[in-house]
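To keep things clear, I will list the structure first and then write my remarks on it.
Residue numbers (the working numbering): 1 to 759.
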């Protein structure tokens, strides 16, 4: 049978505690077991207060709760059929009786647990030897500790090694339910799953361990050593100390007698160290009267034991510390693994697109450039695009999440990884270069707005956040690039800017109307008067010419030959166009007087088709009747909440723009087509007007709602039609007007009006 690895430690531990026991009895002197200590008579001035003196006068006798057996501190021994209170505490009480002048009478014949119950009811006045616990503080006051001995773990010999309280897990544990030890084990070590064996006193506890009814117990070292030797329990051993330090014993008094606590404290404070040592040596020496030979032998033994105990203590301390560190490392490793799993889960299921990149390949490039004297990396990469391309090529994608796949509309992560270059345009690379510059300058975080595209070519505006993970600043092996899609946000910003422009033009229009309209009216009226006074249709004109000696036909011939009549007509036409512009601006700036109501959007579209169907221009090969009309109406659009004449104005303007645009396109294999759609959505009604004309490029779409912006030839249109339409929809109807187009193929205007429940 092989020896356990812990066997040497077990024997050394036993030796250590044997040495400790010896230390307790080094200065013991033989004495008689049954004799109490005697002290010289002396008077002490305890400086008692008036209340304390009155308390002593009112309570000349106090009842003590001492239990039955807690040797050598206190116990009851029968001599000649008479119970007698003995122990270290009895000597302390003898001193206190003389110094405070109160008779202290132990209540004999009851257990300590029974005494505690009587104490709760006020039937016991003083507990001269008791541990201070939270439970007992509910009904007792306590003096400062006056007795203190270590608490140790007691086991049988040849039992598994117990190096501390944690090694008691799952064992049978003997204790007295009324003692503080049981309370401590319950409150501080609830996870040990101890099988409690309850006994009536500490002697019975030790016997339970000795007889195998329990595996271990915790006892005061002085009490245990006394009872082990007195009862011959030689198969018991001190296994290890406890983390609680010494067992500190105090005196406990009734909660409603605070004066008694202060009186006893003053009495205890008056006991000298010599008196305390005399009591201790008398009672502790009982155990070793028959063992000690000479004091010199014991002194040598103690010295050797202390040295060995010190060495073994250091070994045990470092072993315990190493074990704790190993356990902590294991816990840390588990926490790290759990943290990594949580990070992966958050990374994968984050709604924000995230790429984890290994950018360590940038470091050699940065080092080389710095050695070459490069300090302004932004300027260098702008002037040396090959170096920037080299940097971009050495960046490796470690992983990406589902949100990245969704943002770029890829089939899978692998597909996106293989086709990532497609989402970056030249403009993307140039702005992404700012991330590279930030890393070269030693920054851990950087934000950049990037123009990109998904795998279907749709343009995206992305706010790109670059973050170097803590701990990887020197290697750049873990860098997170988070992409926030702000495409819609940018569109909304442009819409807001456009709306603000419309509002500013509205204010401008109101002012211009009053400033320009009056002189313009005078110009038009003057031109009309000139033309009227040259007309042969009025006799007055003929008479005036004859009186002047010039026949009117001759005057007209002259004016025709000098193109004066044509000039006057041109002035009149231009004035009328200017007047129309003013009227449009007034419409733009002034709120409609008509109140919104429920109208049939489908019927409104058909009505405007009838109005525009007669639109015809032979010189420009423009005839609305040649346009194919496709209707896709939603029957629910019959209850559209709007201002009818304003919506008609917008629709009519869009119809004319569409027909004029289609007239400029040459069709082969198809004909001009105008598609009209109405759709009732949740909370809104959408009206779409789509033509298959030449379309609009991005630059035109961006400015199309600006006042006075037009793509038509000079003299054709005012440039206010769409801006007025935009104002009517966004301001007067609180809706939206947007344009979509594919150059060369089609253009679609979408009017969205908020819906309102029909009353």
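We put the beta carbon where it would ideally sit given N, CA and C, even for glycine.
Which of helix, strand or coil DSSP assigns to residue 253: When DSSP states are grouped into helix, strand and coil, residue 253 belongs to the strand group.
Proximity below 7 Å, CB of residue 466 to CB of residue 446: yes
Whole-Å CB distance - residue 61 paired with residue 98, under 8 Å assumed: Not a contact, Cβ separation roughly 15 Å.
Terminal residues of the beta strand (DSSP E) in which residue 366 lies: Where residue 366 is concerned, there is no enclosing beta strand (DSSP E), although the alpha helix (DSSP H) it sits in stretches over 362–371.
Contact check, residue 452 vs residue 423, beta carbons under 7 Å: yes
Straight-line Cα distance separating residue 375 from residue 443: 14 Å
Own chain, CB closer than 6 Å to residue 215, minus 5 neighbours either side, in chain order: The residues are 171, 172.
Residue from 310, 672, 149, 45 whose Cα sits closest to the Cα of residue 71: A check of alpha carbon separations from residue 71 across 310, 672, 149, 45 identifies 149 as the nearest.
Boundaries (first-last residue) of the alpha helix (DSSP H) holding residue 449: Where residue 449 is concerned, there is no enclosing alpha helix (DSSP H), although the beta strand (DSSP E) it sits in stretches over 445–453.
Bridge partners - residue 641, DSSP secondary structure assignment: 598
Neighbour-count burial assignment, residue 707, 16 or more Cβ in a 10 Å radius: buried
Outcome for residue 136 when other beta-carbon atoms lying within 10 angstroms are tallied against a minimum of 16: buried
Simplified DSSP state of residue 473, which is helix, strand or coil: coil
Extent of the continuous alpha helix (DSSP H) to which residue 541 belongs: 539–547
Cβ-Cβ distance between residue 218 and residue 151 below 7 Å: For residue 218 and residue 151, yes; Cβs fall inside 7 Å.
Coarse secondary structure for residue 245, derived from DSSP in three states: strand
Cβ pair residue 252, residue 140 closer than 7 Å: The Cβ-Cβ distance between residue 252 and residue 140 falls below 7 Å.
Residue 673 vs residue 692 beta-carbon contact at 7 Å: A contact, by the Cβ cut-off of 7 Å.
C-beta contact flag for residue 483 and residue 351 at 7 Å: no
Same chain, Cβ closer than 8 Å to residue 347, five either side skipped, listed in chain order: 354, 356, 399, 401
Opposing strand residues paired with residue 105 [DSSP bridges]: BP columns for residue 105 point to 63.
N-terminal and C-terminal residue of the beta strand (DSSP E) that residue 197 is part of: For residue 197, the enclosing beta strand (DSSP E) stretches over residues 195–198.
Pair within 7 Å by beta-carbon distance, residue 178 and residue 73: no
Reduced DSSP category for residue 686 - H, G, I as helix; E, B as strand; rest coil: strand
Neighbourhood of residue 520 by C-beta, 8 Å cutoff - its chain only, sequence neighbours within 5 removed: 575, 578, 579, 582
Close Cβ partners of residue 119 (< 8 Å) along its chain, the five nearest in sequence each way excluded: 65, 127, 139, 140, 252, 254
Opening and closing residue of the alpha helix (DSSP H) in which residue 417 lies: Residues 413–418.
Close-in-space but distant-in-sequence residues of the same chain around residue 262 (CB under 7 Å, 5 per side omitted): Excluding sequence neighbours, residue 262 sits near 52.
Three CB pairs or more closer than 8 Å across the region 156–169 and the region 233–249: yes
Alpha helix (DSSP H) runs contained entirely in the region 67–116, provided each spans 4 or more residues: Complete alpha helix (DSSP H) runs here, min 4: 88–100.
Own chain, CB closer than 7 Å to residue 183, minus 5 neighbours either side, in chain order: 133, 135
Cβ shell of residue 651 (< 6 Å), same chain only, five flanking positions each side left out: If we look at residue 651 and ignore the five residues flanking it on each side, its Cβ neighbours are 608.
Residues sharing a beta bridge with residue 628, DSSP: For residue 628, which the question treats as bridged, DSSP gives the partners 673.
Under 7 Å between C-beta atoms of residue 435 and residue 448: yes
Contact under 7 Å by Cβ, residue 677 with residue 738: no
Cβ neighbour criterion (16 or more within 10 Å) applied to residue 290: Low per-residue confidence applies at residue 290: pLDDT is 35, beneath 50, and the placement is therefore not dependable, though the value from the model is reported in the following sentence. Residue 290 should be labelled exposed.
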